[in-house]
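Taking this note's numbering, I'd label the letters of the sequence shown as residues 1 to 109. Taking it in order: structure first as structure tokens, then the write-up.
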Amino acid sequence: MSEANFFDKVYQVVRQIPFGKVTTYGAIAKAIGAPRSARMVGYAMNASHVDNSIPAHRVVNRNGMLTGKHHFEGSNLMQQLLESEGIVIVNNKIENLQNYLWLPSIEID
């Protein structure tokens, strides 16, 4: 799979994340059939900030940490976007991640 095709598949999944929910890099990697590619999903998220249709702020690490926050304009934009959706953040981490976690249910072809 080419890098561009991989990124497109990642973006297909990320666009499905509902308002007020988050998912993880690993869950996205698994959904697109590349379960060992969580880091590449992170690269895709870093490259996505030029496209406002991709809610990259809804992707966090497996522990709920806002690991991609430095790729957003301003120091707290990722946190502000999540909080505006009702997600509780404490010390750069989603409080009670399971309450907000959304897992893709089907593989993207």
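The beta-carbon is built from N, C-alpha and C at its ideal position, and this holds for glycine as well. Bear in mind that the values here come from a model prediction, so they are computed numbers and not experimental data.
Bridge partner(s) assigned by DSSP for T67: In DSSP, T67 forms no bridge with anything.
Pick from S105, I32, W102 and N76 that is closest to N91, judged by C-alpha positions: N76
Span of the alpha helix (DSSP H) around S84: L77 to S84
As assigned by DSSP and simplified to three states, the class of L103: coil
Closest residue to E85 among I32, R39 and H57 (Cα-Cα distance): Comparing C-alpha distances from E85 to each of I32, R39 and H57 shows the shortest one belongs to H57.
Start and end residues, alpha helix (DSSP H) containing A38: A38 to A47
C-beta atoms of H71 and M45 nearer than 9 Å: yes
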